[in-house]
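Numbering (the UniProt record's numbering), first residue to last: 1 to 334.
Glycine is no exception: its CB is placed at the ideal position from the N, C-alpha and C atoms.
Since the model is a prediction, treat every value here as computed from it, not as a measurement.
To start, the structure itself, in structure tokens.
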């Protein structure tokens, strides 16, 4: 399990990134350091992303996420470390590496007086698209971001969420090998946020590598194959969600509420290998278990077989907030 930020990361695995090899590696960031005067904003950050994989940088504001992706995209030159994109080294004047990148910044980069289609066509021409290729790709992107029916309207009439989706569309036009999304849902309403996340989820179908920064735990859990927790400019840990959860001990809680023989039910379940502890709380048994989704069925069968009539079964699992607190000693949004 790759939960260390020192040395070369292990081969990518899990989800769409499983079985990745060197040929499939789209992004390689190694030992990135960036200082602003006496402040070290990024300190030795290393990670890799494979084709078709969504990789999340999860951390609070000021953790170093935007500085990291600015170095990855070639907008900032690192004080130490290196970046390769599709096997091409990134340098301050490197055009070849940057051609592989679609960057969606946190601040909107669209023209308010232009329509959605005109915005996409303008940026498409900047990216070298012309004629029927540009028209076809513009239409495809409008469908993907859910703005095909509003294509002729000036973007200044759009909601915040629609503007964000158009911003994402600009980054997608030239079919980048690596798409970088910096906090793309900041400041939008829940409905628009969900639409944005649905658009991003659809990108995996095209086999695109995605680097996604967020301070929203639920977004990282929903979108990302692997997640790196970043704080104070350093990667605190990196892995799949389940691998990160294991850092907290990986234990879940199951609450069995019911009537009948509570003592007999407790005696039956506490003998099971997955159960670490059983606490009686009035009409409820509170179980500390390993891997609750797998253990729940045998536990319920054992409890009911012992004479416990269940009225409610509740599972609580540790989340990335728990991991961040465990690693840093503070809440994710502190």
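Quick check: the Cα distance between residue i and residue j, rounded to an integer number of angstroms?
{"i": "residue 305", "j": "residue 265", "result": "8 Å"}
{"i": "residue 270", "j": "residue 143", "result": "54 Å"}
{"i": "residue 191", "j": "residue 212", "result": "20 Å"}
{"i": "residue 236", "j": "residue 259", "result": "45 Å"}
{"i": "residue 198", "j": "residue 185", "result": "12 Å"}
{"i": "residue 225", "j": "residue 261", "result": "43 Å"}
{"i": "residue 280", "j": "residue 322", "result": "25 Å"}
{"i": "residue 163", "j": "residue 201", "result": "18 Å"}
{"i": "residue 147", "j": "residue 116", "result": "8 Å"}
{"i": "residue 34", "j": "residue 83", "result": "13 Å"}
{"i": "residue 151", "j": "residue 215", "result": "31 Å"}
{"i": "residue 233", "j": "residue 161", "result": "29 Å"}
{"i": "residue 253", "j": "residue 37", "result": "47 Å"}
{"i": "residue 65", "j": "residue 87", "result": "23 Å"}
{"i": "residue 229", "j": "residue 327", "result": "9 Å"}
{"i": "residue 153", "j": "residue 189", "result": "21 Å"}
Terminal residues of the continuous alpha helix (DSSP H) containing residue i?
{"i": "residue 72", "result": "65 to 72"}
{"i": "residue 97", "result": "95 to 99"}
{"i": "residue 52", "result": "From DSSP, residue 52 is part of no alpha helix (DSSP H); its letter is neither H nor E."}
{"i": "residue 196", "result": "190 to 201"}
{"i": "residue 126", "result": "116 to 126"}
{"i": "residue 138", "result": "131 to 144"}
{"i": "residue 269", "result": "262 to 269"}
Based on the DSSP secondary-structure assignment, which residues constitute the bridge partners of residue i?
{"i": "residue 89", "result": "84"}
{"i": "residue 278", "result": "287"}
{"i": "residue 253", "result": "288, 316"}
{"i": "residue 103", "result": "180"}
{"i": "residue 154", "result": "115"}
{"i": "residue 304", "result": "The partner list for residue 304 (beta bridge, DSSP) is empty, contrary to what the question assumes."}
{"i": "residue 40", "result": "35"}
{"i": "residue 45", "result": "32"}
{"i": "residue 259", "result": "309"}
If you follow the beta strand (DSSP E) that residue i is part of, which residue opens it and which one closes it?
{"i": "residue 163", "result": "Here residue 163 belongs to no beta strand (DSSP E); instead the alpha helix (DSSP H) covers 160 to 172."}
{"i": "residue 30", "result": "25 to 36"}
{"i": "residue 315", "result": "308 to 316"}
Please report the Cβ distance between residue i and residue j, rounded to the nearest whole angstrom; I am assuming they are in contact, meaning their Cβ atoms lie under 8 Å.
{"i": "residue 227", "j": "residue 247", "result": "That pair is no contact at about 12 Å."}
{"i": "residue 337", "j": "residue 196", "result": "With the chain covering 1 to 334 only, the question about residue 337 has no answer from this structure."}
{"i": "residue 267", "j": "residue 291", "result": "Residue 267 to residue 291, Cβ: 22 Å. No contact."}
{"i": "residue 67", "j": "residue 76", "result": "7 Å"}
* Asked: Mind pulling the alpha helix (DSSP H) runs of 4 or more residues that sit fully within the stretch 208 to 250?
  -> 217 to 223, 241 to 245
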